[in-house]
Amino acid sequence: MSKTPSKTPSKTPSKIAVSPIASEEEREQALRDYKVTIEYKHLKLHAPGGVYLIPSLDQLRHFFGIIFIRRGPYTNGIFKFSLKLPPKYNDTNMWPQIIFSSRVFNPYVDEKTGELDIRSAYPTWDPSRHYLVTVLTYLKKIFYSKNFADAKANPRAKDLAEKDPEAYRKNVEECVKESQINVYKNEDGSTAKFTEEEVSHRVLRDLLKHHIRNESQVTKQAVLAQIEKAKKV
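Taking my numbering, I'd label the letters of the sequence shown as residues 229 to 461.
1) Per DSSP, which one or two residues make a beta bridge with F291?
2) For the beta strand (DSSP E) containing I327, list its first residue and its last residue.
3) How long is the line joining the alpha carbons of S251 and G278, rounded to whole angstroms?
4) Given this structure, state the Cα-to-Cα distance separating H438 from V264, to the nearest angstrom.
5) So, are the CB atoms of S329 and G342 less than 8 Å apart?
6) Under the assumption that P216 contacts A381 (Cβ atoms under 8 Å), give the Cβ distance between them as a whole number of angstroms.
7) Three-state secondary structure (DSSP) at D434?
8) Is E337 helix, strand or coil by DSSP?
9) What ranges does the alpha helix (DSSP H) occupy inside the region 364-390, keeping only unbroken runs of at least 4 residues that lie completely in it?
10) Quick check: the region 300-307 against the region 375-394, are at least 3 beta-carbon pairs closer than 8 Å?
11) Do you know whose CA, among P324, I294, C403 and L344, lies nearest A379's CA?
12) Here's a check: name, in chain order, each residue in its chain whose Cβ is nearer than 6 Å to the Cβ of F376, leaving out the five neighbours to either side.
13) Alpha carbon to alpha carbon, what distance is there between A258 and P314?
14) What are the start and end residues of the alpha helix (DSSP H) that includes R331?
15) Kindly identify the DSSP beta-bridge partner or partners of Y268.
16) Quick one: give me the first and last residue of the alpha helix (DSSP H) that Y359 is part of.
17) Assuming P393 is part of the alpha helix (DSSP H), what are its boundary residues?
18) Please report how far the alpha carbon of E254 lies from the alpha carbon of P283, in whole angstroms.
19) Who are the Cβ neighbours of D261 in its own chain at under 8 Å, not counting the five residues just before and after it?
20) Counting C-beta neighbours from all protein chains within 10 Å, is the total for P324 16 or more, i.e. buried, or is it exposed?
Below is the structure:
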């Protein structure tokens with residue numbers, strides 16, 4: 229009788245060891261990520277007036293923002309900025325970074341890089357007391373401040389503000405005008421964009437105002453009819 233060859237027992241693949249330290253780091257990072265989303269959710273309800281922040285499409289810690297100035301020396305300014313959070317944001321002394329893409333002539337903003345000096349205002353960043361809304365409130369405050377004693381980012385602007393207010397005011401007015409002229413120049417990848425109104429959009433708006441005078445008349449058919457008219461203009 230022929231013997232059936234004995235089969236060698238297959239070896240069970242050994243499990244890949246996971247470092248407890250790496251696993252702990254992953255959990256900590258996941259918690260940081262979660263806190264960022266919670267902060268942003270809170271911000272949607274409690275953001276300073278005139279300040280808007282929109283997440284980027286591909287990075288959790290990268291945001292694009294706009295601030296509209298409604299009074300004071302920067303009245304009618306429309307300043308764009310980006311806000312970035314370090315990977316370990318929500319740890320102590322992990323400051324946010326804000327860089328203006330619009331030119332901002334201000335003692336608290338570096339004239340060359342456009343970066344807002346956050347560390348002077350918050351020498352210690354305490355995640356139990358400081359949040360996204362904290363830094364955006366500070367961002368808004370610099371446009372209304374009248375005392376620049378603690379400003380370090382732009383010595384030239386600080387010197388003019390203290391010694392030659394008229395020259396300082398002219399520089400401020402220039403950067404406000406620039407912000408208005410460049411409002412349609414959007415940073416690459418920005419989610420906070422302005423687009424110029426096309427003629428067809430203006431015509432459609434006027435047609436809707438003229439032909440649909442109350443909310444009860446707003447139907448899909450009525451709107452489509454006005455769109456067809458706008459196409460012919």
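Where is the CB? At the ideal position from N, CA and C, for every residue including glycine.
Computed from a prediction, not measured in an experiment: that's the story for all the values here.
In short, the structure shows the following:
1) P283 and L311
2) Q325 to F328
3) 42 Å
4) 46 Å
5) yes
6) What is shown of the chain runs 229 to 461, which leaves residue 216 out entirely.
7) helix
8) Here residue 337 is Val; the residue named in the question, Glu, does not match the sequence. Of the three classes helix, strand and coil, the one that applies to V337 here is strand, per DSSP.
9) none
10) no
11) L344
12) P335, K386 and A389
13) 14 Å
14) It is not in any alpha helix (DSSP H) - R331 carries neither H nor E in the DSSP assignment.
15) Looking at the DSSP assignment, Y268 forms no beta bridge with any residue, so it has no partner.
16) Careful: Y359 lies outside any alpha helix (DSSP H) and carries neither H nor E.
17) P393 to I409
18) 23 Å
19) L288
20) buried
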